[in-house]
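Remarks on the structure that follows.
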Amino acid sequence: MTESYCTNYQSCRLVQVSDFPVSVTEKEKYLRAFCEAEKSAWKQCKRYITKCSLGFCPDFVLPDIPLTISEIIDKFDEEEFDK
Ligand code: SF4
Numbered sequence: 011m012t013e014s015y016c017t018n019y020q021s022c023r024l025v026q027v028s029d030f031p032v033s034v035t036e037k038e039k040y041l042r043a044f045c046e047a048e049k050s051a052w053k054q055c056k057r058y059i060t061k062c063s064l065g066f067c068p069d070f071v072l073p074d075i076p077l078t079i080s081e082i083i084d085k086f087d088e089e090e091f092d093k
């Protein structure tokens with residue numbers, strides 16, 4: 011791991027969990043484009059931004075998901091309500 015990797019790299023479920031709900035191809039794409047890229051890239055990751063804002067990040071949040079933090083909270087609440 012180099013210094014430029016995302017500061018969440020060791021704890022992020024997308025990187026560390028083998029059955030995280032993305033395909034191998036998608037995961038490799040995200041690793042290249044965000045997690046293992048420059049700081050300017052991973053700072054734009056929606057999982058990074060969500061973790062900074064909420065202190066956690068639900069699995070449905072992907073690095074390039076086009077949702078605001080408010081929309082992510084609403085979706086998370088809906089999923090919890092449906093359980
Ligand atoms: S998915 Fe986002 S938060 Fe997770 S390690 Fe990659 S860049 Fe960081």
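In my numbering, the protein residues as written are 11 to 93. Every residue gets a Cβ at the ideal spot worked out from N, C-alpha and C, and that includes glycine.
Given R23, which residues of its chain have a CB within under 6 angstroms of its CB, disregarding the five upstream and five downstream residues?
F30
Rounded to whole angstroms, what is the Cα-Cα separation between I59 and K53?
7 angstroms
Could you check what DSSP says for S123 in three-state terms: helix, strand or coil?
The requested residue 123 does not occur in the structure, where the chain is confined to residues 11 to 93.
Outcome for C55 when other beta-carbon atoms lying within 10 angstroms are tallied against a minimum of 16:
buried
With a threshold of 8 angstroms on Cβ separation, who are the neighbours of V71 within its own chain once the five nearest residues in sequence on each side are excluded?
K56, R57, T60, L77, I82
For Y15, collect the residues of the same chain with a Cβ closer than 7 angstroms to its Cβ; drop the 5 residues on either side in sequence, then sort them by chain order.
C45, E46
Integer Cβ distance of Y19 from V25, believed to fall under 8 angstroms:
6 angstroms
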